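Encoded as structure tokens, the structure appears first; notes follow it.
Residue numbers (the working numbering): 1472 to 1905.
Spelled out as structure tokens, the structure:
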């Protein structure tokens, strides 16, 4: 009865899994969809665009600012009334009468003004623009590196999916073999050739394999969910890889200079941006030179311009002392630059360490690959011999169960080693990609 219950539960679990949408997918399709739709890639590209607009914002240190205004007013203020008449070019001798000067009649004034301000020399702005450009280039490189990383992450997720499906296949066969052994053990028990303790041990083995199989199928769903997340896909889908889990042969890795890698170059550019900001803060101690001009039109009627005039000039301004604010800001920017340099050097050192460690990982995984393959072949042959001897009544039940468990374990270990070897190869490619 217990055996029937186990089989029923397993069939129900399989039905639940296969009730979901099953989609075959290749690694090339996964990589293409990740590059096209992944949310992290889109975020990094938006950050690069933001940095690009920050750089465009710095065009203001070269380009003029132009403004147009039209103002209307009515006043009896003595000073404003006299000035309005003067601007409208309607001032007469009678307007100098002290009584009119002190108590003028209401006057209307409409002024149209076109003003232009042109920066000439603003040294702090030049370095701020340089910092913005460097930051923009760094963000572009970081976006490129994000694409490379998601490419690596997609390969890893696809490998996990392959491994999960392979584990299901191995454990499915182990479950079938365990049930076959249970049938033989039940027959032997019914004939009085096997003790009840041995029969129960076989049943326990069937239950263990069943639990392992259900866990493996959960891993398939987890791997599918993560793959869907990377591809920004919606829906309850179980992916099935169209490619088998086999060792990748990527050939010899070309030695590269880490300083040319996109993320390392981005870190270097960030350091340069801090350096430019430091110089910009130091330049605030120097004077600024700007030009200005305006063309003004006045009338006592709206949108009329009987009187005209212009102003043109230049302004040299120098903030000599601002309560030590600039000294503090310059000191902080220098400290930020020194911090950025230290972070860059630390990042390079860490990258070199990771590269060396990954090279060793590839070598170790390659060595384990051969060992695990031989171990799997040996356990398979041992299981075959013990199964034949058990059928003839020449082998103990415990020895058969141990051989069966060992073979399944060695199979899973072999495919796990393939996965680790492939991931080490992919990581090495990622770390050496310029």
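Don't be surprised by glycine CBs; every beta carbon is placed ideally from N, CA and C. Predicted model, so just to flag it, every value in this text is computed and none were measured.
- Distance from residue 1891 to residue 1648 at the Cβ level is roughly 26 Å; contact not present, criterion being Cβ atoms closer than 8 Å.
- Residue 1881 is bridged by DSSP to nothing; it lacks a bridge partner.
- DSSP places residue 1662 outside both helix and strand once states are collapsed to three, so it counts as coil.
- With contacts defined by Cβ atoms closer than 8 Å, residue 1671 and residue 1657 do not form a contacting pair.
- DSSP places residue 1860 in the helix class (H, G or I) of the three-state scheme.
- Bridge pairing for residue 1759: 1788 [DSSP].
- Bridge partners of residue 1581 according to DSSP: 1543 and 1770.
- For residue 1779, the three-state secondary structure derived from DSSP is strand.
- Annotated three-state conformation of residue 1497 is coil, per DSSP.
- With a 10 Å radius around the Cβ and a threshold of 16 neighbouring Cβ atoms, residue 1773 comes out exposed.
- In the displayed model, residue 1825 falls within a helix according to three-state DSSP.
- Residue 1709: member of the beta strand (DSSP E) spanning 1708-1712, first to last residue.
- Listed in chain order, the beta strand (DSSP E) runs fully inside the segment 1561-1642 are 1578-1592, counting runs of at least 3 residues.
- Taking one beta carbon from each stretch, the segment 1530-1542 and the segment 1590-1608 have 3 or more pairs nearer than 8 Å; the two touch.
- Proximity to residue 1747 across 1805, 1705, 1530 and 1517 peaks at 1805, based on C-alpha coordinates.
- Sorting 1655, 1677 and 1661 by C-alpha distance to the C-alpha of residue 1645 places 1677 at the top.
- Residue 1515 sits in a helix when the DSSP states are folded into three classes.
- For residue 1657, the secondary structure class from DSSP, reduced to helix, strand or coil, is helix.
- Classified as buried, residue 1600 has 16 or more neighbouring CB atoms from the shown chains inside 10 Å of its CB.
- Spanning the alpha carbons of residue 1866 and residue 1857 requires a straight line of approximately 6 Å.
- Burial of residue 1769 is indicated by the presence of at least 16 other C-beta atoms within 10 angstroms of its C-beta.
- Beyond the five residues adjoining it in sequence on each side, residue 1559 comes within less than 8 Å, by CB distance, of 1580, 1769, 1770, 1771, 1777 and 1778 in the same chain, given in chain order.
- Only residues of its own chain outside the window of five on either side were considered, and among them none has a CB closer than 7 Å to the CB of residue 1799.
- By the neighbour-count definition (other C-beta atoms within 10 Å, threshold 16), residue 1792 is an exposed residue.
- The residues 1815 and 1818, in chain order, have a CB closer than 6 Å to that of residue 1738 in the same chain once the five nearest residues on each side in sequence are set aside.
- Between the alpha carbons of residue 1673 and residue 1686 lies a gap of roughly 20 Å.
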